[in-house]
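Line order of the protein sequences matches chains A and B. For the first sequence, position 33 matches number 39 in this note's numbering, and the numbering has no gaps at all. For the second sequence, position 169 matches number 171 in this note's numbering, and the numbering has no gaps at all. See below for the structure under consideration.
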Amino acid sequence: MTDASISRRVLLASMAGVLGAHALHRAGIAQVPGHAPPDPTKVPGAPLSELGQRSPFERPRRIPMGNGHSSLAPLQDLYGIVTPADLHFERHHAGVPAIDPQRYKLLIHGMVERPQLFDLDALKRFPAVSRLHFLECSGNGTPSYRGIRPNLSPQLIDGLTSTSEWSGVPLAVLFREVGVKPGAKWFLAEGEDAAVMTRSIPIDKAWDDALIAYGQNGEALRPEQGYPARLLLPGWEGNANVKWIRRIELADRPFMTREETSKYTDPLGDGTARMFSFVMDAKSIITFPAYPVILHDRGWWEISGIAWSGRGRITRVEVSTDGGKQWEPAELQQPVLPKCHTRFRSLWKWDGRETTLLSRAVDETGYVQPTLEQLRNARGLGTAYHFNHIRAWRVQGDGAVVFGLEG
Amino acid sequence: MRGTVAGLVLALVAGGCGRGDRGAAHTGSPATYGFGRAATTEDISAWDIDVMPDGRGLPPGRGTVPQGSAIYAHQCAACHGPTGTEGPSERLVGREPRQGFPFGSDPRFVRTVGNYWPYATTLYDYVNRAMPLNAPGSLKPDEVYSLVAFLLWRNEIVADTAVMNSQTLPQVVMPARDRFVVDNRRGGPEFR
C-alpha cells in the first residue's frame, strides 16, 4: 500500500466524519440501509467506522414472547455454533437491571474461612479462562411437547438456547481464595436484579467447571446476559446460571428458594416431582429445512442443525429422511466441544414426495435423544421443563416444511 | 429437613472427593492471591436476606391473617386477583386436586402455593425479596409475615387465628412437602 492510497483512505474516513452518512450517500459514495448501487465496483465504498453494523440486508431478530419474560434466538438464521451476543436468547425474572461496573461487587460468605468482597477489577485480576458453552433455558421446547402445531419455526420451538465463548474466573479459584470450610456442600447464588434471583448449587459444580463470567464472545457480557458478571454452570439449566451475580453463600444444605421448588422442578407421571434437575440432556434440532421454508425444487438439499448435551460431547447425530424407518449418521462439523452446540450436516436428495425429517443426538455417556413417546412415557404428559425429545419436520408434497409429529 | 430431601442432600454430597489442590489455576498458584477485600459484618448483613426451611434467616416480627388480608388487597390483588385465584399473574391459591399429586400426568391442574410449594419459609423469602413487582423489597417484616399468614390461610393450611413469626413459620407443614425426589437421571442409555 502506497502513502497515496493511505491518504485517500484517511481522507474518506475524515469526510465521513465531517459530512455524515447522509451527505456521503448524496455524493454517491456510501450505502444507506436497504440500498446498494447497481455496480459496487464503480463507486468508492463506505468509510471506516468505530463500530461495525450488520449488513442492512440482514435482519435477524429475537422474538420477545408475550409473557414479557423471554425472547427467542433465531436458530434458523444462524451459521455454525456461535450465537451473536445481541441475538442470545433472554430469560429475565424482573427485567434487565442497570448495574454500574464501578459500584459492582461480588460477596462470598457463609461457610468460608475468609468472607470476601471482589469488585470487577479484582475478579479480572485472577487467572482467567475462555470456553465455548451452550446455555439453555430448561423450559426450552415446551411448544413441541404439548399443543403441537405446524406453524412453528426452530426459533419458536427451541430459541431458548444459545452458544457463546464465555470468559471469566473459575469459581474454584475464588473458593480457594476464600477457603471453603469442611461441611459446606451447597452454595446460594444471588443476582442483583429486581427479582434478587436465587438458586442453590451443589459445591462440586464449583470445583468442576463453574465460572464467574464477565466476557461473552470477546467483549463484556451483554446486560441481558448478566453484565457485569454472572454465574456460568456449563451444561446446566439456564436458570441456575444466575445473572448479575452479587452474592454467593456457602452452606451445608440447599436453601429451597422459589426457583428450585415452585419453579424448575419437574412433576412426573408417578406422582412425584424431580428437584435440582440441573443437567440438560442430549438434544438436537434440524434448523434447515424447517418451517417456514418452502423447498422450491426437488433434488439435493443439505440438512443442517445443532446438537448439544449437558453431559459432555456429542458423539453422533443421526438423521432420518423417511420418518424414522432408516437413520444415517450426519457429519459433525468441528469443533465438537463438550457442553456446546455442535453443527451437523447431512446431504439429502428429495424426490418430491411427502416425508418427515428427524434428527437424534447421542452423547459421550451413550445417551440417545428419546422420542416424544419415550419421554412422555418416562415423565408424563403434564411434566414441565427438560423437553429434549426428537423434533420432527414434515415436508409436504408442495415443498412446504411444517413442524409435526414423528412418523 | 427430612425424608426425600434429606436423601437428596446425601446423594449429592456423596461424590465429594479430597480437596487436594482444587482451585489452583496454575502450577505454583499461591494459597491466596489477596485480591478483593475482607467483607465486614455490615457488608454481609446488608445483602444476606435468604431464609432457609429450618427458619435460619427469618427476622424478628410477626403477622396475622387479618393484617395480611388488608395488605394483600392493597399490594397484591391487582396482579393475583381478589382471592389469589383470578390472576392475571400467577395463581397463588388452590388445593385441587385434594387427593394425590397428579401434576406430572395431567397438565390441567394449576400448581399453586397450596398444592405444590414444599416449604412455607420459601413464601417469606420470595415475597420479601421480589414482591410486589413494582416495588420489590419494600415490604417490612411484619407485612411479609402477615402476607404469608394470609396466603397460608387462603390455602387452608393454617387457621384464621394463626400468627406467623420466626418460630411458627418453619413449623408449618406444606401439603406437598414429601412429593419431591432426587434427580435420578445419570446419562447413559436409560430415559428417565
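We treat Cβ as the ideally placed atom computed from N, Cα and C, and that holds for glycine.
Short of 8 Å from the beta carbon of Ala164/B, and not among the five residues preceding or following it, lie these beta carbons of its own chain, in chain order: Thr66, Val67, Ala151, Leu154, Trp155 and Thr170. Of the other Cβ atoms in all chains shown, 16 or more fall within 10 Å of the Cβ of Ile87/A; this residue is therefore buried. Pro176, Ala178, Val179, Phe181, Arg182 and Glu183: these are the residues of the stretch 167 to 183 of chain A whose beta carbon lies less than 7 Å from some beta carbon of chain B, given in chain order. Under the DSSP assignment, Arg400/A falls in the beta strand (DSSP E) whose first and last residues are Ala398 to Val401. Shown here, Gln375/A sits in coil according to DSSP, grouped into three states, outside any helix or strand. A direct Cα-to-Cα measurement between Ser76/A and Thr29/B gives close to 42 Å. Distances from the CA of Val323/A to each of Met281/A, Arg317/A, Arg366/A and Gly305/A were compared; the closest alpha carbon is that of Arg366/A.
For Thr124/B, the closest Cβ of chain A is nearer than 8 Å. By the rule that beta-carbons nearer than 8 Å mark a contact, Phe152/B does not touch chain A. When CB distances to chain A are screened at a threshold of 9 Å, the residues of the stretch 139 to 169 of chain B falling below it are Gly139, in chain order.
Boundaries of the beta strand (DSSP E) around Tyr220/A: Leu217 to Gln222. Contact annotation: Trp307/A and Pro298/A have beta-carbon atoms that are not nearer than 8 Å. For the 8 Å CB-CB criterion, Leu238/A and Leu256/A do not form a contact. C-alpha of Arg155/A to C-alpha of Val325/A: approximately 22 Å in a straight line. Straight through space, the alpha carbons of Asp404/A and Trp333/A are spaced by roughly 24 Å. Apart from sequence neighbours up to five positions away, no residue of its chain approaches Phe193/B with a beta-carbon distance below 7 Å.
Looking at Ile51/B, Leu125/B and Gly59/B, the one whose alpha-carbon comes closest to that of Val175/B is Leu125/B. DSSP lists Asp125/A as the beta-bridge partner residues of Lys111/A. Near chain A, meaning a CB-to-CB distance below 7 Å, the residues of the stretch 80 to 104 of chain B are Gly102, Phe103 and Pro104.
Along the length of the stretch 59 to 124 of chain B, whole alpha helix (DSSP H) runs at least 4 residues long occupy 67 to 77, 79 to 82 and 115 to 118, reported in chain order. Pairing Phe140/A with Trp314/A gives a Cβ-Cβ distance under 8 Å. Taking C-beta separations shorter than 6 Å and ignoring five residues to either side along the sequence, the partners of Gln339/A in its chain run Arg349, following chain order. In the DSSP assignment, Asp210/A falls within the unbroken alpha helix (DSSP H) covering Ile209 to Asp214. Secondary structure of Leu84/A (DSSP, three-state): coil. Looking at the backbone, the Cα of Trp49/B and that of Glu337/A are separated by about 50 Å. In the DSSP assignment, Val368/A falls within the beta strand (DSSP E) that extends over Thr361 to Asp369. Among the CB atoms of chain B, one or more fall inside 8 Å of the CB of Phe282/A. Under a criterion of Cβ atoms nearer than 9 Å, the residues of chain A adjacent to Pro191/B are, in order, Thr371, Gly372, Tyr373 and Val374. In the three-state reduction of the DSSP assignment, Leu238/A falls in the strand class.
When Cβ pairs closer than 8 Å are counted between the two stretches, the stretch 47 to 55 of chain A is seen not to touch the stretch 143 to 151 of chain A, the count staying below three.
Three or more beta-carbon pairs separated by less than 8 Å are not found between the stretch 258 to 268 of chain A and the stretch 368 to 376 of chain A, which leaves the two stretches without contact. With a threshold of 16 other beta carbon atoms within 10 Å, Ser140/B falls short and is exposed. Partner residues in the beta bridge of His139/A, as assigned by DSSP, are Ser170/A. Chain order gives no chain A residues near Ile73/B, where near means a beta carbon separation below 9 Å; the closest approach is about 19 Å. Within chain B, Gly106 and Ser107 have C-beta atoms less than 7 Å from the C-beta of Gly275/A, given in sequence order. In this structure, DSSP gives Ala48/B a helical state, which the three-state scheme calls helix.
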